[in-house]
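Residue numbers (UniProt numbering): 1 to 969.
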């Protein structure tokens, strides 16, 4: 109610005939309709405003002003206008025929010519409303708009832009510029006034389109004018957006979840203007993030190459010595194992046309030397899409120049070419999106310099013909700086600017029916998906970065989000295609099992896999049958390559034939069905069981909502099924739970035993034994889960150790376990030899098995027993002490294991956060004393402290890298 009271009081002053407190004493008439439109909305009211002005300010010189206890600046206006200025009037004021005499004691005041653009201060009902208004203002060119104040009581937005001018002219005694120069300056100021007014008109139009109805319309001459109230009433009391093609209720809902990041800090993903792309050729699909603005610490343009594993949330930095300069507004395109970075901006003056390529497996950047680079002008905020080996680039921005050209970069011969296109050619634009599907490019939205766009175009790359697409259903609202993706036969549009006030949705276009569907994204209101990126991994959408600068409220970045698209896509595929699957003959591509993976990758890459039907096997698994599209069926059987001017497409078909692929009729035609979630299946099955056994339905509240997987074992949380009533039905219960979770084996987590060997207390519920194979970062860990614990939280440290350069090094691991760090040292860091000390028989059994599984047993010596007795001496370049809460009992052993010339120790420990520095100093001092007691005259230095994870409240698991080197002399 306080907001409403303040609004009523302020508007009553606006409506009175009394002068306000501004120097002018009244509201600027040109923007009264604009202010009324804002004030008519229940979530906003204006507190101060200026439509824009050209003025000459007469102000005291600094020497005279420093002692004056006045408001900053002081002085008075010699001239002011809120309309274009008349040069003759200004010249007559500055150069009068007879100058006015000034009393000698007063120093002559300075004269400054200024242009100041529109500025409006708006109080908003809440932060969400403020974000909407800021986003809308920015989209109309008022790019310096932001939240200037945010507290529990008031949220204030400043609407403003950077079209400013301030030129000193001299003083009242001596104007230091000529009449001609004053005339020139007034001309520049008038141009800025005109640009300011165009943006103001655009802002007013955008307000009306987004529910700020007020009582005004645009007159025929384009000015803001009063509309007669023919209906005798106001607009919607709730301030709702009017029902048109831009609004409506979403057709479906999808859950949006934030996912935890391990390894590198999540803050490294607090970016906008970056790129992300899915790398499907690695052991596990990963997302590569490059560049952008933001990052950890002081926000700046970045050139980090970050690799995100969506399955585990592991974030690592690709370790490269040389690479592109920091930038944003570039594009990233994947061709095979290579990622191509095109263009971008390093700062406002340096806009690029560079092409960089990252060899992901080789971790190496290379700048492409294009002999014809001049044919591709520098740009940023363009869009790019890949078809085969070609990268297509459209649009972009270079200062005030907005492009409408289409270029193609051939990644085979490394040449640029501007394409001659025909058809419905799109207008120039930037901050748009473009994707490839089969042999078509699809482009949506963007900004043309005056307004946001909401058009959808397609380009046939065989004929280079643009077509403005006609679709059914509610089209997405006009936007720019949004994200676009392809998943199966759908394209998706998400986020962007302006932010929709009532809900942010995901718009999906079915490329078969050309119909739009809108999906409400739950729990997304707090995120700003502006200049964010979207990446598809299997059927999941990962949104990374995005945000906005909110001035006094701070810079806001969005955390990584995950959206599972599978339930929605399968539902739409089933409902949209179940009727026509059986109406004609269907075909599959039959391949031998050994070629199945490569064949599937090719079919998916070119959009030839018919995702409506299921893949199945024949001949006891010897052959795999992939459902194929009609388009591919015709090309494959008839050998018709006339529509394939893309070399890689033709080569792909030839390769499939070399795989002995044959087209056969689909006799199965098993259409994909929408599956219920495992939790829903579990609830229904268990509900039936407890009803049959006459138990309380309240037991259903104890069903777990999350679980882990170890290999093929599903592990339930330790707190699940604890009521004694479950024991009476355990023989029927556990098979039901296993079936509902598609688990061959089922277990319940126990607490790790507080023994020296930290044994597992996992309880096996379904299955014969607890041996599992878990693959992580390309390394296989095999262990008996009922006897050995598995350290999930140490993933980042395992990745870090694997990233060390241990070539030609001997490593001693004093607490090897099942090989947590032994295997990364051998497989990733390329250690010459590892000595693995372990005293737990169960862990030793698993360790030896893992060395064999990963084919590194010839480079590892397993030493069984207490490391204080078994560890080698004077042999190691590096010693790992991976025991928590403390490994202090083996610090002497570690010193003895190092070579006489020293080496590195990685010392783990659990440390109170407030005592981290003191503990590190204790560690260094202790190791130095131990070394001296052993006759080692070393310099002992803590080179790095790695914070692995929180172990308990205020207790951190840390690793200190300690370097020991001989002291000369």
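Don't be surprised by glycine CBs; every beta carbon is placed ideally from N, CA and C. These figures come from a predicted structure and were not determined experimentally.
The DSSP-derived three-state label of residue 180 is helix. Residue environment: residue 719 is assigned as exposed (fewer than 16 neighbouring CB atoms within 10 Å of its CB, all protein chains considered).
Partner residues in the beta bridge of residue 623, as assigned by DSSP, are 592, 618. A check of alpha carbon separations from residue 885 across 957, 697, 717, 961 identifies 957 as the nearest. When secondary structure is reduced to three states using DSSP, residue 394 falls in the strand class. Annotation for residue 690: the continuous alpha helix (DSSP H) segment containing it runs 678 to 692. By the Cβ-count criterion, residue 319 is exposed, with fewer than 16 other Cβ atoms from all chains shown falling within 10 Å of its own Cβ.
Distance between residue 774 and residue 781, taken at the CA atoms: about 5 Å. Out of 456, 269, 795, 45, the CA that lies nearest to the CA of residue 478 is found in 456.
For the pair residue 367 and residue 380, the CB atoms are not nearer than the 9 Å cut-off.
Assigned with DSSP and collapsed to three states, residue 59 falls in strand.
By the beta-carbon neighbour count (other beta carbons within 10 angstroms, threshold 16), residue 891 is buried.
CA-to-CA, the gap between residue 153 and residue 331 works out to about 42 Å. By the beta-carbon neighbour count (other beta carbons within 10 angstroms, threshold 16), residue 889 is exposed. In summary, residue 95 is exposed, with fewer than 16 beta-carbon neighbours lying within 10 Å of its beta-carbon over all protein chains present. Contact between residue 529 and residue 494 holds: CB atoms are separated by about 6 Å, below the 8 Å threshold. By the Cβ-count criterion, residue 446 is buried, with 16 or more other Cβ atoms from all chains shown falling within 10 Å of its own Cβ.
Between residue 803 and the set 363, 481, 545, the nearest pair of CA atoms involves 363. Look at the beta carbons and you see the stretch 2 to 11 touching the stretch 31 to 48: at least three pairs across the two are nearer than 8 Å.
Between residue 738 and residue 788 a beta carbon distance of about 22 Å is seen, past the 8 Å cut, so the two are scored as non-contacting.
Sequence-distant partners of residue 420 (beyond 5 residues in either direction) whose C-beta falls short of 8 Å from its own C-beta, in its chain, are 464. Residue 423 places its beta carbon 9 Å or farther from that of residue 365. Around the Cβ of residue 467, a 10 Å sphere holds fewer than 16 other Cβ atoms; the residue is exposed.
Judged by their CB atoms, residue 289 and residue 304 are nearer to each other than the 9 Å cut-off. Taking 3 residues as the minimum length, the beta strand (DSSP E) runs contained wholly in the stretch 459 to 508 are 465 to 468, 483 to 487, 490 to 494, in order along the chain. When C-alpha distances from residue 57 are compared across 108, 333, 51, 507, the shortest belongs to 108.
One thing to note: residue 272 has its Cβ no nearer than 9 Å to the Cβ of residue 496.
Comparing alpha carbon positions, the residue from 413, 118, 511 closest to residue 487 is 511.
Counting along the chain, the unbroken beta strand (DSSP E) around residue 355 starts and ends at 350 to 359.
A direct Cα-Cα distance of roughly 19 Å separates residue 864 from residue 898. DSSP places residue 197 within a helical segment (H, G or I) once states are collapsed to three.
With contacts defined by Cβ atoms closer than 9 Å, residue 278 and residue 537 form a contacting pair. Here residue 802 carries a helix assignment [DSSP, helix/strand/coil]. Taking every protein chain shown into account, the CB of residue 412 has fewer than 16 other CB atoms within 10 angstroms, so this residue is exposed. Contact check for residue 200 and residue 118: beta-carbon distance about 5 Å, within the 8 Å limit, so the pair qualifies.
In this structure, DSSP gives residue 374 a helical state, which the three-state scheme calls helix.
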